[in-house]
Amino acid sequence: MFKALTHTFLYVLDQDEAIDFYVGKLGLELNTDSDLGFMRWVTVNVPGQPEVEIVLSSPEMGHDEETARAIRDLVAKGGASGLIFRVEDCRATYEALVGKGVEFTQEPTEHFYGIDCGLRDPFGNPLRFTQPAAVAQS
Amino acid sequence: MPRMEVPSRRLLRARDAMDRSYARPLDVAALAKIAMSSEAHFIRTFKQTFGETPHRYLQRRRLERAMALLRETERPVTDICLEVGFASLGTFSRTFARVLGMSPTAYQAAWRSGAGTAGYVPTCVVMAWSRPAAHGDQDRSFGEAQTRSGT
Numbered sequence: 001m002f003k004a005l006t007h008t009f010l011y012v013l014d015q016d017e018a019i020d021f022y023v024g025k026l027g028l029e030l031n032t033d034s035d036l037g038f039m040r041w042v043t044v045n046v047p048g049q050p051e052v053e054i055v056l057s058s059p060e061m062g063h064d065e066e067t068a069r070a071i072r073d074l075v076a077k078g079g080a081s082g083l084i085f086r087v088e089d090c091r092a093t094y095e096a097l098v099g100k101g102v103e104f105t106q107e108p109t110e111h112f113y114g115i116d117c118g119l120r121d122p123f124g125n126p127l128r129f130t131q132p133a134a135v136a137q138s
Numbered sequence: 139m140p141r142m143e144v145p146s147r148r149l150l151r152a153r154d155a156m157d158r159s160y161a162r163p164l165d166v167a168a169l170a171k172i173a174m175s176s177e178a179h180f181i182r183t184f185k186q187t188f189g190e191t192p193h194r195y196l197q198r199r200r201l202e203r204a205m206a207l208l209r210e211t212e213r214p215v216t217d218i219c220l221e222v223g224f225a226s227l228g229t230f231s232r233t234f235a236r237v238l239g240m241s242p243t244a245y246q247a248a249w250r251s252g253a254g255t256a257g258y259v260p261t262c263v264v265m266a267w268s269r270p271a272a273h274g275d276q277d278r279s280f281g282e283a284q285t286r287s288g289t
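Those protein sequence lines, which keep their order, are chains L and S.
Under the working numbering, the residues of the first sequence are numbered 1 to 138, in order.
Under the working numbering, the residues of the second sequence are numbered 139 to 289, in order.
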């Protein structure tokens, strides 16, 4: 049986810029950056959670040029996949990231499940982070 | 050298701006500025990229918000209509019925009769999936056309 989720893939249009954003601005940790010659394997993880790696994947990885172009188009118009993170303090995190120039799509909003907000990475991927209600009430 | 941003990324930024200010009248000039293009070019490339005009996208966004408020609140339909950006109850009700196949009141009643219970589904997912479909009728009016540029 499956034991755990270990890797999830996110298409990025520039791996260096992705590292700048995910590590430099969002504060994730660089887990792996390996140039394998035919491809560059870059992964990041939430601090304290190295067992779940987010692969910052180039659209060219394993795809012909036409497919890679289609993936690039999808990412740029917000049609690719995204990620949701958990935070302790949604509003404080939001303010800190606004100060770093991060592009938000939704300000912190209260829901029955907690407080969350939305942003995009530089390429168009949708991201969110949530402060669960149990934490919000404590 | 910095990566050149593709036009669709700028169009997405303009669409995100519509998502944030859905209750305000459609301001094509401001959106075109975000997309760094002329108004006519913005409308044309928006449709090429997302499959519908900015006006139609905005109307679906407003209907999605109205549906959420009808499901989650006890507020009168008129309040909801105005809050999501429709200027009149008549236009709201006609647009809602044309797209959803039922009146706002009937939608609310159907939901409350046991159609749905909300577990934890992230807001962005609910927003995207509950936005009424844009199939067919691409060129037909999707309700009121209240833009500052007359588009």
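Ideal Cβ placement from N, Cα and C applies to all residues, glycine included.
- The DSSP assignment places 29-35 as complete runs of the beta strand (DSSP E) inside the stretch 11-39 of chain L, in order along the chain (cut-off: 3 residues).
- In this structure, DSSP gives L:R128 an extended state, which the three-state scheme calls strand.
- Per DSSP, the beta bridge partners of L:H111 are L:G114.
- The C-beta distance from L:V98 to L:S57 rounds to 27 Å, too long to fall under 8 Å, and the pair is not in contact.
- Counting of Cβ neighbours within 10 angstroms places S:T191 among the buried residues, the total reaching 16 or more.
- Taking C-beta separations shorter than 6 Å and ignoring five residues to either side along the sequence, the partners of L:V87 in its chain run T93, F129 and Q131, following chain order.
- Taking a Cβ-Cβ cut-off of 8 Å, the neighbours of S:D157 in chain L comprise T105 and Q106, given in sequence order.
- In the displayed model, S:S146 falls within a helix according to three-state DSSP.
- Burial state of S:F184 is buried, judged by a 10 Å Cβ sphere holding 16 or more other Cβ atoms.
- Residue state for L:L5 is assigned as coil, using DSSP reduced to three classes.
- In the DSSP assignment, S:F234 falls within the unbroken alpha helix (DSSP H) covering L227 to L238.
- Contact check between the stretch 40-50 of chain L and the stretch 158-165 of chain S: fewer than three CB pairs, one atom from each, fall below 8 Å, which does not count as touching.
- Look at S:T243: its C-beta is not under 8 Å from any C-beta on chain L.
- For L:K25, there are no C-beta contacts with chain S under 7 Å, since the nearest C-beta of that chain is about 16 Å from it.
- When C-alpha distances from L:E95 are compared across L:T6, L:F21, L:L26 and L:T43, the shortest belongs to L:L26.
- For L:E53, the enclosing beta strand (DSSP E) has its first and last residue at E53 to S57.
- Residues of chain L whose Cβ lies closer than 8 Å to the Cβ of S:L150 are, in chain order, A76, K77, G78, R120 and G124.
- Taking a Cβ-Cβ cut-off of 7 Å, the neighbours of L:D14 in chain S comprise R141, given in sequence order.
- When secondary structure is reduced to three states using DSSP, S:R194 falls in the helix class.
- Under the Cβ distance rule, L:D73 counts among the residues neighbouring chain S, one pair being separated by less than 8 Å.
- In the three-state reduction of the DSSP assignment, S:R213 falls in the coil class.
- By a beta-carbon distance limit of 8 Å, S:V215 does not contact S:R203. Their separation comes to about 13 Å.
- Straight-line spacing of the CA atoms in S:R198 and S:A271 works out to 8 Å.
- The contact set of S:F188 on chain L, defined by CB atoms closer than 8 Å, consists of K77 in chain order.
- Within chain L, no C-beta atom comes nearer than 9 Å to that of S:D165; the closest sits roughly 18 Å away.
- One thing to note: L:H63 has its Cβ no nearer than 8 Å to the Cβ of L:I54.
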